[in-house]
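Chemist: Residue numbers (the UniProt record's numbering): 1 to 170.
(1) I need the boundaries of the beta strand (DSSP E) containing residue 54, first residue and last residue.
(2) Which residues in the same chain have their Cβ closer than 6 Å to the Cβ of residue 45, if we skip the five residues on either side of it in sequence?
(3) Are residue 90 and residue 69 touching if we call contact CB-CB under 8 Å?
(4) With a threshold of 16 other CB atoms inside 10 Å of the CB of residue 113, please say whether the residue is buried or exposed.
(5) Rounded to a whole number of angstroms, what is the C-alpha to C-alpha distance between residue 151 and residue 100?
(6) Using CA atoms only, rank isn't needed, just tell me which of 23, 120 and 135 is closest to residue 78.
(7) Rounded to the nearest angstrom, what separates residue 25 and residue 82 at their Cα positions?
(8) Below 8 Å, how does it come out for the segment 13-21 and the segment 92-109: are there three or more Cβ pairs, yes or no?
(9) Which ranges does the alpha helix (DSSP H) cover as unbroken runs of at least 4 residues, wholly within the segment 70-123, from first to last along the chain?
(10) Considering only the alpha carbon of each residue, which of 1, 80 and 145 lies closest to residue 66?
(11) Do you know how far the Cα of residue 161 is from the Cα of residue 5?
(12) Is the beta carbon of residue 155 sitting closer than 8 Å to the one on residue 165?
(13) State yes or no: is the C-beta of residue 73 within less than 8 Å of the C-beta of residue 163?
(14) I'd like to check one pair, residue 106 with residue 12: are the Cβ atoms closer than 8 Å?
(15) Out of 50, 7 and 39, point me to the one whose CA is closest to residue 59's CA.
(16) Of all the options 108, 137 and 117, which has the alpha carbon lying nearest to the alpha carbon of residue 147?
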């Protein structure tokens with residue numbers, strides 16, 4: 001089971017049953033999500049524990065949580081996470097509970113990633129003539145130094161690597 005903490009504008013689109021914030025059973029912890037009003041609209045999800053960003057198409061919004069584990073698996077594979085870690089994480093995401101956002105620090109990172117994603121979208125559109133490489137933009141965002149991680153791994157990709165390494169040694 002995982003928690004999906006959604007911004008108000010995303011909750012208005014999905015209209016789920018909302019529960020009080022709690023903990024996720026996954027190694028990456030709860031996820032924070034918002035909508036980017038691009039054409040087509042995109043969902044940006046960020047891991048509460050590692051701040052790992054995942055971009056994916058929003059439509060159809062009602063199935064976002066059902067489609068998210070598959071997109072997460074692609075992002076984890078892009079970061080060279082071991083297949084055992086990916087399988088374990090996806091297996092734990094069998095059910096979802098929706099909550100309002102509760103961690104202002106993660107919401108701040110989410111907002112920063114929105115601004116940076118718009119930059120990377122423009123770069124990819126200019127360099128490659130297309131703008132739909134959400135996996136590549138997610139990977140670029142994961143290299144961003146994030147202040148909540150300054151006392152440790154500094155960036156989401158490094159935080160993911162530390163989490164995976166710690167799990168392999170346990």
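Glycine included, every Cβ here is placed at the ideal spot set by N, Cα and C.
Modeler: On the basis of the data shown:
(1) For the purposes of this step, residue 54 is taken as residue 54 along the chain shown, with counting starting at 1. That run of the beta strand (DSSP E) goes 53-57.
(2) Translated into positions along the chain shown, residue 45 becomes position 45. Taken in chain order, the residues that qualify are 31, 33 and 54.
(3) Position 90 of the chain shown, counting from 1, holds the residue named residue 90. Position 69 of the chain shown, counting from 1, holds the residue named residue 69. Yes, they are a contact pair.
(4) Mapped onto the chain shown, residue 113 falls at position 113. Buried is the call here.
(5) Working through the chain shown from its first residue, we reach residue 151 at position 151. Working through the chain shown from its first residue, we reach residue 100 at position 100. For residue 151 and residue 100, the distance between alpha carbons rounds to 27 Å.
(6) By 1-based counting over the chain shown, the position of residue 78 is 78. Selected option, being the one with the closest Cα: 135.
(7) Position 25 of the chain shown, counted from the first residue, corresponds to residue 25. Position 82 of the chain shown, counted from the first residue, corresponds to residue 82. Residue 25 and residue 82: Cα-Cα distance of roughly 19 Å.
(8) yes
(9) 83-92
(10) Here residue 66 corresponds to residue number 66 of the chain shown, with the count starting at 1. Looking at the Cα atoms, 1 is the closest of the given residues.
(11) Start at 1 with the first residue of the chain shown, and residue 5 comes out as number 5. Start at 1 with the first residue of the chain shown, and residue 161 comes out as number 161. In a straight line, the C-alpha of residue 5 is about 24 Å away from that of residue 161.
(12) Here residue 155 refers to the residue found at position 155 of the chain shown. Here residue 165 refers to the residue found at position 165 of the chain shown. Cβ atoms of residue 155 and residue 165: not closer than 8 Å.
(13) Here residue 73 corresponds to residue number 73 of the chain shown, with the count starting at 1. Here residue 163 corresponds to residue number 163 of the chain shown, with the count starting at 1. No, they are not a contact pair.
(14) As a working note, residue 12 is residue 12 in the chain shown. As a working note, residue 106 is residue 106 in the chain shown. No, the pair does not count as a contact, with Cβ atoms beyond the cut-off.
(15) Along the chain shown, one-based indexing puts residue 59 at 59. With distances taken between Cα atoms, residue 59 lies closest to 39.
(16) Here residue 147 refers to the residue found at position 147 when the chain shown is read from its first residue. The shortest C-alpha separation from residue 147 is found at 108.
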